[in-house]
Amino acid sequence: MNTNRFFTMVALAGAMFLTSCNVDEDIQDNGNGLAVKFMSGITALPTTKVAIDPQDNSVWETGDPVGIYMVENGTATVAEGAQNIRYTAAVDGITTSFTPGATTIYYPLTGSVDFIAYYPHNATVAGYVYPVNVADQTSQTAIDLMYAPRMNNGGAGYDKSNTAPVNFTFVHQLVKLIMNVTKDPSVTGNITAVSINGMSTTAAFDLKGTGGLTGNGAPASITPCAVDAGVRYEAILLPVAALGATHTVTFTAGAESYTWKMSDNIASLVAGNLYTFDVLITKHAVNVSGSIKKWETTTPGSGIAE
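See the structure below:
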């Protein structure tokens, strides 16, 4: 996805409410089985993308890449070699169908299967372990991990008799932070740097859906994306169970630095949440107020390129 746009993800189905997609393709037969059709909308616990609109809703963009697994019903055993297969969003919008790249997934001739999907696709994924790295915030859609839990057709699985699209629901697994910044007249000089401190930038995510995020790396400083330098900054962060003294945001203006201790305003960073704060930098203090809501997609919209 293009990170230079507000993300409003609507993707392979997220924890937000699923919307059906009218984009449809004929089921194909390669002589061995029927091609599987996939589609998605974005839901409340973030969706793929993302790209978000001015209302902070997530949306799909044409070409957004997802990774799909087809596994034997009720197991983690890959079926027909369909492991981490790359599909891409066919159209822009809150809902989309997905188009195969070099490999098309076909239903097996016998037996039933389940499907697992995630965004954005990463060719290096092995053993169902997705490597998370949010150190580089330049392209936020490239690091906005979304996960569509196992689709198993109510437990029965899907087989070659299924002609309807498998409708994924994607959920955001990370946290989005938006900071709208203003300076009091007592603060001289332009804001030249912003740093989010004390946050882990790496972790591993279990795509089987049994372990979530594990193995957080050492704390580091993160430079957020400057959507509008000096005015609006955004970052995608790993969840934090309990914010402490080391979790701060530093603003540099002129020769001075000003620090916001995040725990003064929030106790934790919860996966799938969108945190929006108005930050007023004064000579003697950083005054912060804001809101917390589910990072979800409800309406389509255009985005801001990064």
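Take the sequence shown: its position 133, counted from the start at 1, is 132 in numbering that gives the first Met the number 0, and no numbers get skipped.
We put the beta carbon where it would ideally sit given N, CA and C, even for glycine.
Taking only beta-carbon atoms, is Val165 less than 8 Å away from chain B? Among the chains in the structure shown there is no chain B, since it carries only a single protein chain.
Could you check where the beta strand (DSSP E) with Tyr129 kicks off and where it finishes? Val128 to Asn132
Going by the DSSP bridge assignment, what does Tyr106 pair with across the sheet? According to DSSP, which records beta bridges pairwise, Tyr106 is partnered with nothing at all.
Inter-residue Cα distance where the pair is Tyr129 and Lys207: 10 Å
CB-CB under 6 Å to Tyr127, same chain, minus the five flanking residues each way: which ones, in chain order? Leu206 and Lys207
Rounded straight-line distance, which links the Cα of Val239 to that of Leu268: 5 Å
Rounded straight-line distance, which links the Cα of Lys292 to that of Ile104: 36 Å
Does the stretch 131 to 147 come close enough to the stretch 69 to 78 to have 3 or more Cβ pairs within less than 8 Å? no
At which residues does the beta strand (DSSP E) containing Thr162 begin and terminate? Neither: Thr162 is in no beta strand (DSSP E) and is coded neither H nor E.
Rounding to the nearest angstrom, what Cα-Cα distance links Gly154 and Ser288 in this structure? 45 Å
Between which two residues does the beta strand (DSSP E) carrying Pro184 extend? Element bounds for Pro184: n/a, residue is neither H nor E.
Put Asn152 into one of helix, strand or coil per three-state DSSP. helix
Cβ-based neighbour list, Lys282, same chain, cut-off 7 Å, excluding 5 preceding and 5 following: Asp183, Ser185 and Val186
Helix, strand or coil for Asp113 per DSSP? strand
Note down, one range per segment and in chain order, each alpha helix (DSSP H) of at least 4 residues found wholly within the stretch 188 to 213. none
Going by CA-CA distance only, name the one from Asn286, Ala284, Leu33 and Ser290 that's closest to Tyr157. Leu33
Alpha carbon to alpha carbon, how far is Gly66 from Val248? Give it in angstroms, no decimals. 34 Å
According to DSSP, is Ala392 helix, strand or coil? Any answer about residue 392 is impossible in this case: the structure gives the chain only from 0 up to 305.
I need the DSSP call for Ser220, collapsed to helix, strand or coil. strand
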